[in-house]
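Chemist: I'd like to ask some things about the structure below.
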Amino acid sequence: AQSVAQPEDQVNVAEGNPLTVKCTYSVSGNPYLFWYVQYPNRGLQFLLKYITGDNLVKGSYGFEAEFNKSQTSFHLKKPSALVSDSALYFCAVSNNTNAGKSTFGDGTTLTVKP
Amino acid sequence: GAVVSQHPSRVICKSGTSVKIECRSLDFQATTMFWYRQFPKQSLMLMATSNEGSKATYEQGVEKDKFLINHASLTLSTLTVTSAHPEDSSFYICSAIGQPNTEAFFGQGTRLTVV
Chain A
1227 AQSVAQPEDQ VNVAEGNPLT VKCTYSVSGN PYLFWYVQYP NRGLQFLLKY
1277 ITGDNLVKGS YGFEAEFNKS QTSFHLKKPS ALVSDSALYF CAVSNNTNAG
1327 KSTFGDGTTL TVKP
Chain B
28 GAVVSQHPSR VICKSGTSVK IECRSLDFQA TTMFWYRQFP KQSLMLMATS
78 NEGSKATYEQ GVEKDKFLIN HASLTLSTLT VTSAHPEDSS FYICSAIGQP
128 NTEAFFGQGT RLTVV
């Protein structure tokens, strides 16, 4: 069975500071890893994914994430946070044998204060 | 990127009635579609996986007679919540994947409120 852990329910940062939202995973086979953002009463917006290739993945809105196989982590980062980044962030995992069947973490609420 | 459209975005229905939610892949053929449910301030929980032309596979604990899934074509899957009750009120999200592909694309979600 595959699983995702987002150990922090809430992350608070000041505007302009770097942010990190943590994610670790467990899956058999080759992992496919994703980050999504959700604003209140809205659907999921895709941010970035790791399928293969470079461990550092760059995505939308200046976000990036680094795939670390030894630590089974895929932390989301941004060098300089914006107030508009405040939202709910989900990490998700699937694999090469069952692509599309994603398991989501519990989500992390990011609050960026001016 | 690929586009998945979900309709309606919001629906209110009376207890005991049924409501149908549509999920369409607009620019690709979706061999598999997934239906998720999200309670307020919680994560997405997979309800079922549907493959075109075959019966859906339901996750443990999901009542297949209550949540009817049909995937009759490569671009359309429907979720029908039968005899809806207030506890069925939730945010329902679909995703779709084609071949060859490595990721599923998500619809905008449907907010169902049963009164």
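For the record, the sequence lines run as chains A and B.
Be aware that the first sequence starts at 1227, since it is given in the numbering used here, and climbs by one per residue.
Be aware that the second sequence starts at 28, since it is given in the numbering used here, and climbs by one per residue.
C-beta: ideal position from N, C-alpha, C; glycine also.
Quick caveat, the model's predicted, so the values are computed rather than measured.
Determine the direct distance from the alpha carbon of B:F133 to that of B:L53, and round the result to whole angstroms.
Modeler: The alpha-carbon atoms of B:L53 and B:F133 are separated by roughly 12 Å.
Chemist: Using a Cβ-Cβ cutoff of less than 6 Å, which residues in the same chain neighbour A:K1303 once the five nearest sequence positions on both sides are dropped?
Modeler: T1246, E1290.
Chemist: Distance, Cα to Cα, B:Y130 vs A:K1327?
Modeler: The sequence shown places Glu at residue 130 of chain B, not Tyr. If I take the Cα positions, the gap works out to 9 Å.
Chemist: For the structure I just gave you, are there three or more beta carbon pairs, one from the region 1276-1292 of chain A and one from the region 1235-1243 of chain A, closer than 8 Å?
Modeler: No, they do not touch.
Chemist: When the Cβ atoms of the region 48-64 of chain B are set against those of the region 1306-1316 of chain A, are three or more pairs found closer than 8 Å?
Modeler: As far as the Cβ criterion goes, the region 48-64 of chain B does not touch the region 1306-1316 of chain A, which means the pair count is below three.
Chemist: Specify, as a first and last residue, the run of the beta strand (DSSP E) that B:A123 falls within.
Modeler: That run of the beta strand (DSSP E) goes 117-124.
Chemist: With B:S116 and B:T137 assumed to form a contact (beta carbons below 8 Å), what rounded beta-carbon distance in angstroms separates them?
Modeler: Not really, about 11 Å apart at Cβ, beyond 8 Å.
Chemist: Counting only Cβ-Cβ distances shorter than 8 Å, please list the residues of the region 1262-1282 of chain A near chain B, keeping chain order.
Modeler: From the region 1262-1282 of chain A, only Y1262, N1267, R1268, G1269, L1270, F1272, K1275, I1277 have a Cβ closer than 8 Å to chain B.
Chemist: With DSSP collapsed to three states, give me the class of A:D1309.
Modeler: As written in the sequence, residue 1309 of chain A is Val, which differs from the Asp given in the question. Of the three classes helix, strand and coil, the one that applies to A:V1309 here is helix, per DSSP.
Chemist: DSSP puts B:F133 in a beta bridge; with which residues?
Modeler: Note: B:F133 sits in a beta bridge opposite B:S122.
Chemist: How would you write the range of the beta strand (DSSP E) that A:V1338 sits in, first residue to last?
Modeler: 1334-1339 is the span of the beta strand (DSSP E), which, as asked, contains A:V1338.
Chemist: Within this structure, are the beta carbons of B:S45 and B:Q135 separated by less than 7 Å?
Modeler: Contact flag unset, no.
Chemist: Kindly give me the distance between the Cβ atoms of B:S70 and A:F1316, rounded to whole angstroms, as I take these residues to be in contact under 8 Å.
Modeler: Correct: roughly 7 Å between the Cβ atoms.
Chemist: Any Cβ of chain B within less than 7 Å of the Cβ of A:G1333?
Modeler: Cβ-Cβ to chain B under 7 Å: yes for A:G1333.
Chemist: If we define contact as Cβ-Cβ less than 7 Å, is A:F1300 a contact residue for chain B?
Modeler: Judged by the 7 Å Cβ criterion, A:F1300 is not in contact with chain B.
Chemist: Quick check on A:Y1265: does DSSP put it in helix, strand or coil?
Modeler: A:Y1265: coil per DSSP, three-state reduction.
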